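The structure appears right after this line, and notes come after that.
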Amino acid sequence: MRETPPLLLPLFRSNAVGELLAWLYLHPEKEYSTTDLAKRTGVSQPTVSREMDRFAAAGLTEERRHGNLRLIRADTDTIVAKPLTDLLAVTFGPAAVLPPLLQPIPGIDEAYIYGSWAARHANQTGPSPRDIDVLVVGAPDEDELYDAARAAERVLGREVNINRISPASWHADQGDPFVTSLRNKPLHLLIQNRRTP
Numbered sequence: 001m002r003e004t005p006p007l008l009l010p011l012f013r014s015n016a017v018g019e020l021l022a023w024l025y026l027h028p029e030k031e032y033s034t035t036d037l038a039k040r041t042g043v044s045q046p047t048v049s050r051e052m053d054r055f056a057a058a059g060l061t062e063e064r065r066h067g068n069l070r071l072i073r074a075d076t077d078t079i080v081a082k083p084l085t086d087l088l089a090v091t092f093g094p095a096a097v098l099p100p101l102l103q104p105i106p107g108i109d110e111a112y113i114y115g116s117w118a119a120r121h122a123n124q125t126g127p128s129p130r131d132i133d134v135l136v137v138g139a140p141d142e143d144e145l146y147d148a149a150r151a152a153e154r155v156l157g158r159e160v161n162i163n164r165i166s167p168a169s170w171h172a173d174q175g176d177p178f179v180t181s182l183r184n185k186p187l188h189l190l191i192q193n194r195r196t197p
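By the count of this note's numbering, the sequence shown reaches residue 197 at its end, each step adding exactly one.
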């Protein structure tokens, strides 16, 4: 029996490469500095700079200088842009699409992807994720979370389920079996703690 590849999309050398491309191609109207991309992906700035050199050499990105800043954007005027964008949306897309949708919603302290997508991102083998499970810690408006999930689905091409939990439950030492289970499995951080629990 063949073992399932651990990466979300093993065509890329690493998940970092996929996430960097996802931020660029799923937000083609934006320009990013290497510092900004490093902050958004958690990849070191030297690594981001090297990958941007590779992307530029492959004709995947456009760059311009603004003072000392190197500003990078996806080159969407190539034959590979549309299929690459579609491929990135269904693989690394959640890491790039969900933060900008959730960040403006008041009441979110933290947000994570969990379940099969987080497991594949953490290089655990298994089938390709069918949906995206998101945990939001805080007390945001449920209608706003619903709208964010539907907006994400339109880009990602798969169901997005957002579960909300109180900060007290999330930060409790023990008790809730759901929380205990989540803490023992891979989580992909979308939004950092925005206030002290």
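Glycine included, every Cβ here is placed at the ideal spot set by N, Cα and C.
Bear in mind the structure is a predicted one, so any value in this text is a computation, not a measurement.
Please state whether the Cβ-Cβ distance between G138 and D173 is less than 9 Å.
Within the sequence shown, residue 138 is the residue found at index 138, counting from 1. Within the sequence shown, residue 173 is the residue found at index 173, counting from 1. Not in contact: G138 and D173 (Cβ atoms no closer than 9 Å).
If you draw a straight line from the alpha carbon of L190 to that of P94, how long is it in whole angstroms?
Counting from 1 along the sequence shown, the entry for residue 190 is found at position 190. Counting from 1 along the sequence shown, the entry for residue 94 is found at position 94. In a straight line, the C-alpha of L190 is about 9 Å away from that of P94.
Kindly indicate the opening and closing residues of the beta strand (DSSP E) around E144.
If you number the sequence shown from 1, residue 144 lands on position 144. Premise fails: E144 lies in the alpha helix (DSSP H), E142 to L156, not in any beta strand (DSSP E).
Going by C-alpha to C-alpha distance, which of T91, P140 and R65 sits closest to R164?
The residue labelled residue 164 in the question sits at position 164 within the sequence shown. Here the closest residue by C-alpha is P140.
Whose C-beta lies closer than 7 Å to the C-beta of T35 among residues of the same chain, with five residues either side of it excluded?
Position 35 of the sequence shown, counting from 1, holds the residue named residue 35. Correct list, in chain order: Q45.
Verify the CB distance criterion: does L102 have a CB-CB separation below 9 Å to chain B?
Here there is only one protein chain, and chain B is not present.
Would you report the Cα separation of T41 and R50, rounded to the nearest angstrom?
As a position in the sequence shown, residue 41 is number 41, starting the count at 1. As a position in the sequence shown, residue 50 is number 50, starting the count at 1. Taking the straight line joining both Cα atoms gives about 15 Å.
Reduced DSSP secondary structure (H/G/I, E/B, other) of D109:
To locate residue 109, count along the sequence shown from 1; it is residue 109. In the structure shown, D109 sits in a strand (DSSP, three-state: E or B).
Determine the direct distance from the alpha carbon of R150 to that of A58, and round the result to whole angstroms.
One-based indexing of the sequence shown puts residue 58 at position 58. One-based indexing of the sequence shown puts residue 150 at position 150. Cα to Cα, the separation comes out at about 34 Å.
Where does the unbroken alpha helix (DSSP H) through N163 begin, and where does it stop?
Indexing the sequence shown from 1 puts residue 163 at position 163. Counting along the chain, N163 falls outside any alpha helix (DSSP H), though it belongs to the beta strand (DSSP E) covering E159 to I165.
Identify, in the order they occur along the chain, each residue of the same chain with its Cβ nearer than 7 Å to the Cβ of V17, setting aside the five sequence neighbours on each side.
In the sequence shown, counting from the first residue as 1, residue 17 sits at position 17. Excluding residues within five positions, the ones whose Cβ falls inside 7 Å are E51.
Limits of the unbroken beta strand (DSSP E) element including E51
Here residue 51 is taken as the residue at index 51 of the sequence shown, counted from 1. It is not in any beta strand (DSSP E) - E51 instead sits in the alpha helix (DSSP H) that spans Q45 to A57.
Rounded to the nearest angstrom, what separates R73 and L37 at their Cα positions?
Walking along the sequence shown from the start, residue 73 turns up at place 73. Walking along the sequence shown from the start, residue 37 turns up at place 37. Roughly 11 Å separates the two Cα atoms.
Give the DSSP-derived three-state secondary structure of R2 in the structure shown.
To locate residue 2, count along the sequence shown from 1; it is residue 2. Interpretation of R2 is limited by its pLDDT of 44, a score under 50 that renders its predicted location unreliable; no figure is taken from the coordinates.
Helix, strand or coil, according to DSSP, for S14 in the structure here?
The count along the sequence shown starts at 1 and reaches residue 14 at position 14. Coil at S14, not helix or strand.
Taking the alpha helix (DSSP H) that R120 falls in, what are its first and last residues?
Residue 120 sits at position 120 when you count from the first residue of the sequence shown. Looking at the DSSP string, the run of the alpha helix (DSSP H) that includes R120 is S116 to H121.
Could you tell me the alpha carbon to alpha carbon distance between T105 and L145, rounded to whole angstroms?
Stepping through the sequence shown from its first residue, residue 105 is reached at position 105. Stepping through the sequence shown from its first residue, residue 145 is reached at position 145. The sequence as given places Ile at residue 105; Thr does not occur at that position. Cα to Cα, the separation comes out at about 8 Å.
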